[in-house]
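**Q** Here you go, one structure.
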Amino acid sequence: MEKMIRTNGMTKKGSNVILPPYEPLTLCQPSGSKSDATWIQEIFQGTLTNETRCLNCETVSSKDEDFLDLSVDVEQNASITHCLRVFSDMETLQGEQKYYCENCCSKHEAQKRMRIKKLPQMLALHLKRFKYVEQMNRHTKLSYRVLFPLELRLFNVSDDAVNRDRLYDLCAVVVHCGSTPNRGHYITLVKSHNFWLLFDDDIVDKIDPMAIEDFFGLSECGVQKNSESAYILFYEARDAVNTDVRGGVGQVANASI
Numbered sequence: 001m002e003k004m005i006r007t008n009g010m011t012k013k014g015s016n017v018i019l020p021p022y023e024p025l026t027l028c029q030p031s032g033s034k035s036d037a038t039w040i041q042e043i044f045q046g047t048l049t050n051e052t053r054c055l056n057c058e059t060v061s062s063k064d065e066d067f068l069d070l071s072v073d074v075e076q077n078a079s080i081t082h083c084l085r086v087f088s089d090m091e092t093l094q095g096e097q098k099y100y101c102e103n104c105c106s107k108h109e110a111q112k113r114m115r116i117k118k119l120p121q122m123l124a125l126h127l128k129r130f131k132y133v134e135q136m137n138r139h140t141k142l143s144y145r146v147l148f149p150l151e152l153r154l155f156n157v158s159d160d161a162v163n164r165d166r167l168y169d170l171c172a173v174v175v176h177c178g179s180t181p182n183r184g185h186y187i188t189l190v191k192s193h194n195f196w197l198l199f200d201d202d203i204v205d206k207i208d209p210m211a212i213e214d215f216f217g218l219s220e221c222g223v224q225k226n227s228e229s230a231y232i233l234f235y236e237a238r239d240a241v242n243t244d245v246r247g248g249v250g251q252v253a254n255a256s257i
């Protein structure tokens with residue numbers, strides 16, 4: 001494919017615009033409520049279970065929380081699987097963060113972790129590339145190289161999760177172009193009918209699947225063909241029976257530009 005010419009991460013046709021950092025989507029209705037569910041909730045909604053174990057009495061409590069997307073921290077030369085593992089790592093609550101145990105009726109050290117209880121039809125993963133640096137008093141972009149596969153199977157799921165071995169296929173990628181979070185341009189890669197398309201404003205080009213690697217981010221040595229890095233990933237469950245799922249994510253991905 002003959003690629004479009006880009007300068008400083010911007011397409012010739014693209015414009016520099018001031019864009020706020022991405023904020024994860026939240027739900028207004030309580031977990032487990034199915035009344036008046038929107039098509040976005042039917043497609044994107046999953047459930048996290050927050051498990052907390054008191055280290056004094058060993059009592060385990062859990063609380064479910066619905067989500068529409070997962071925001072994960074990024075590290076240099078990491079994979080999306082590693083990012084998800086860090087997301088679900090066991091955290092120790094101690095010091096001022098001690099957990100109030102209702103069984104003990106007092107605060108104690110505890111261990112907490114989050115696992116996925118309900119896997120969504122469409123999994124949206126937000127890479128937290130925009131970080132606030134207190135010393136600089138501003139947000140900066142983390143252009144770290146983060147590898148993401150065309151196929152993904154989640155491992156951080158609860159024991160009682162339905163379809164816990166569900167396999168996902170990458171179907172769309174929202175890409176941020178530019179070196180700072182306040183100015184830049186967004187493009188979208190979308191898989192349609194077994195081939196990939198690149199959407200850049202009113203320009204649409206077919207690309208080779210291998211070209212997706214160009215959007216992993218900067219390597220440690222700083223060698224990269226461009227300043228474009230994946231920002232939001234969309235994975236579709238292979239067993240999803242709703243034929244409208246792909247159309248739904250296409251609308252959402254293009255609306256993100």
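Taking full-length UniProt numbering, the leading residue of the sequence shown gets 1, the next gets one more, and so forth. Every residue gets a Cβ at the ideal spot worked out from N, C-alpha and C, and that includes glycine.
Can you have a look at Lys118 and say buried or exposed, based on whether 16 or more other CB atoms are within 10 angstroms of its CB?
**A** Buried.
**Q** Using CA coordinates, which residue listed in Phe67, Lys63, Ile43 is at the minimum distance from Thr52?
**A** Comparing Cα positions, the closest option is Lys63.
**Q** Kindly indicate which three-state DSSP category Ser95 falls into: helix, strand or coil?
**A** Per the sequence shown, the amino acid found at residue 95 is Gly instead of Ser. Residue state, collapsed to three classes: helix.
**Q** Starting from Cys83 and walking both ways along the alpha helix (DSSP H), at which residues does that stretch end?
**A** Segment 80-87, the alpha helix (DSSP H) holding Cys83.
**Q** Within 10 angstroms of the Cβ of Lys206, are there 16 or more other Cβ atoms? Answer buried if so, exposed if not.
**A** So Lys206 counts as exposed.
**Q** Do you know whose CA, among Gly95, Met114, Thr180, Met90, lies nearest Tyr132's CA?
**A** For the residues Gly95, Met114, Thr180, Met90, the minimum Cα distance to Tyr132 belongs to Thr180.
**Q** Less than 7 Å between the beta carbons of Arg129 and Leu142, yes or no?
**A** For Arg129 and Leu142, yes; Cβs fall inside 7 Å.
**Q** Considering only residues of the same chain and omitting the five flanking positions on each side of Val204, which have a CB-CB separation below 8 Å?
**A** Around Val204: Leu197, Leu198.
**Q** Is it buried or exposed for Ser219, if we count other Cβ within 10 angstroms and need 16 for buried?
**A** It is exposed - the Cβ of Ser219 has fewer than 16 other Cβ atoms within 10 Å.
**Q** Beta-carbon separation of Ala78 and Leu93 under 7 Å?
**A** No; because the gap between Cβ atoms is not below 7 Å, this pair is not in contact.
**Q** Count the other CB atoms within 10 Å of the CB of Arg238; is the residue buried (16 or more) or exposed (fewer)?
**A** When all chains shown are included, Arg238 counts as exposed.
**Q** Counting along the chain, where does the beta strand (DSSP E) carrying Phe130 start and finish?
**A** Element bounds for Phe130: 130-133.
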